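A short write-up of the structure that comes next.
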Amino acid sequence: MSDEVADALAAERPVVALESTIIAHGLPRPRNLEVALELEADLRSAGVVPATVGVVDGRPVVGMDRPALERMADGDGVAKASVRDLPAAMATGADAATTVAATAFLARRAGVRVFATGGLGGVHRGASDTFDESADLHTLARTPITVVCAGVKSILDVAATLERLESLGVTVVGYGTGRFPGFYLTESGHTVDWRADDPATVARMMAAADDLGLSSAIVVANPLPPGEQLDPALHDRILGEALAEAGRLDLQGKAVTPFLLDHFHRASSGASLEVNVRAVRSNVALAGRIARARSG
Ligand code: PSU
Ligand code: MN
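Numbering-wise (the working numbering), the sequence shown opens with residue 141 and increments by one.
Now the structure itself:
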């Protein structure tokens, strides 16, 4: 843990965890480093300590410094680490960017209770044949942390992902909406059972989960306003092409998600990239308000 994060946690000041896979494998260079720094600056100006998580030279870090962020953003040899990859990355002294799963796990171990990202991993389309289901889901089932996201990535099977979140006992709450957001899109076409309209309500949900001794996460699904989403017709066209291309290349394992996101960013001439960045920034801002409501 960085001193800044350790001090903030000891004094019960608000801290928000950020993941590094989005930096290393989700966004193109050089925008990725700019975004990583912007997110940290946004939190600091809201009076919240950022804790970007990753593995540097085999050491899990909660609260990466600027040189570490630069390594995540520039390094060609940066692995993508879910929880199962952590022991191997540590033992071999690797640099590794952490996914939602690995970030949630490490952040929680350090005592950080609020985490912001873009979109969760989930059940991929065709998963009944491929079994491709993100480890994010299983980790959230056993990690008591609040994750603010714009839903799950729209490249996934959203309906199946929501079913799995239900089976796995993960609390799902719409922020200011009863509709589940669609990452690049304001809504996914699915509903949620619970909503919160202010950060204090989310903070009370966290306290209730703690009182119950639940070991699962709370997912706060925060939609982009309709005026800021990707054009839905463009979205659907690119998605069809991206999935077809991934099928032709016979991609597997952890390469699938970065390929689809990169295809989106290129095929939309950067429009999806800007939407992705807007969603992450909005989620980070909300996570900061939730962290403050908890400690205030
Ligand atoms: N959200 C984004 N961009 C990303 C991701 C999420 O806006 O790149 C990353 C997260 O780190 C998430 C990962 O955990 O994609 C999911 O990968 P997989 O489907 O291989 O589990
Ligand atoms: Mn996968």
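Glycine residues also receive a C-beta, built at the ideal position from the N, C-alpha and C atoms. Since the structure is predicted, the reported quantities are computational estimates derived from the model, not experimental observations.
Neighbourhood of residue i by C-beta, 6 Å cutoff - its chain only, sequence neighbours within 5 removed
i: Arg-434; result: Ala-343
i: Val-288; result: Ala-256, Val-360, Asn-362, Asn-423, Leu-426, Ala-427
i: Ile-295; result: Leu-400
i: Val-254; result: Val-156, Thr-286, Ala-427, Ile-430, Ala-431
i: Val-337; result: The amino acid occupying residue 337 in the given sequence is Asp; Val does not appear at that position. Cβ within range, chain order: Gly-316.
i: Arg-265; result: Asp-297
i: Gly-314; result: Val-332, Arg-335, Ala-361
Cβ neighbours of residue i in the same chain (closer than 7 Å, five flanking residues each side left out)
i: Gly-318; result: Thr-331, Val-332, Arg-335
i: Thr-279; result: Val-223, Ala-241, Ala-244, Phe-245
i: Thr-161; result: Lys-220, Ala-237, Thr-238, Thr-239
i: Asp-182; result: Arg-421, Val-424, Ala-425
i: His-165; result: Lys-220, Ala-237, Pro-398
Proximal residues to residue i (C-beta, below 8 Å), its chain only, five neighbours per side dropped
i: Arg-211; result: Val-196, Val-218, Asp-235
i: Gly-291; result: Gly-259, Leu-260, Val-298, Phe-320, Pro-321, Gly-322, Phe-323, Ser-328, Ala-361, Pro-363
As assigned by DSSP and simplified to three states, the class of residue i
i: Glu-273; result: strand
i: Gly-314; result: strand
i: Glu-152; result: coil
i: Glu-445; result: The requested residue 445 is not part of the displayed model; the chain covers only 141 to 436.
i: Gly-367; result: helix
i: Pro-168; result: coil
i: Lys-220; result: strand
i: Ile-358; result: strand
i: Leu-158; result: strand
i: Pro-284; result: coil
i: Ala-186; result: coil
i: Leu-260; result: strand
i: Ala-490; result: There is simply no residue 490 to check, as the chain begins at 141 and stops at 436 in what is shown.
i: Ala-236; result: strand
i: Arg-211; result: helix
i: Leu-296; result: strand
i: Gly-393; result: helix
i: Val-145; result: helix
i: Gly-410; result: coil
i: Gly-198; result: coil
i: Arg-432; result: helix
Exposure label - residue i; buried when at least 16 CB within 10 Å
i: Arg-304; result: buried
i: Pro-446; result: Examination of residue 446 is not possible in this model, given that the chain is present from 141 through 436 alone.
i: Phe-271; result: exposed
i: Gly-194; result: buried
i: Ala-347; result: exposed
i: Pro-200; result: buried
i: Thr-232; result: exposed
8 Å contact criterion, which residue i and residue j should meet: CB distance rounded
i: Val-202; j: Ala-275; result: Not confirmed; about 19 Å, so no contact.
i: Met-230; j: Gly-198; result: 5 Å
i: Ser-409; j: Leu-374; result: In fact, because the Cβ distance is near 10 Å, the residues do not count as touching under 8 Å.
i: Leu-370; j: Ala-411; result: 6 Å
i: Val-417; j: Val-188; result: Between Val-188 and Val-417 the Cβ distance is about 19 Å, and since that is not below 8 Å, they are no contact.
i: Gly-262; j: Thr-301; result: 3 Å
Inset, instruction - For the stretch 281–295 and the stretch 353–366, state whether three or more C-beta atom pairs, one from each stretch, are separated by less than 8 Å. - result: yes
Inset, instruction - Determine contact between the stretch 390–408 and the stretch 142–158, defined as no fewer than three beta-carbon pairs at a distance below 8 Å. - result: no
Inset, instruction - Determine, using beta-carbon pairs with one atom in the stretch 146–154 and one in the stretch 378–391, whether at least three such pairs fall under 8 Å. - result: no
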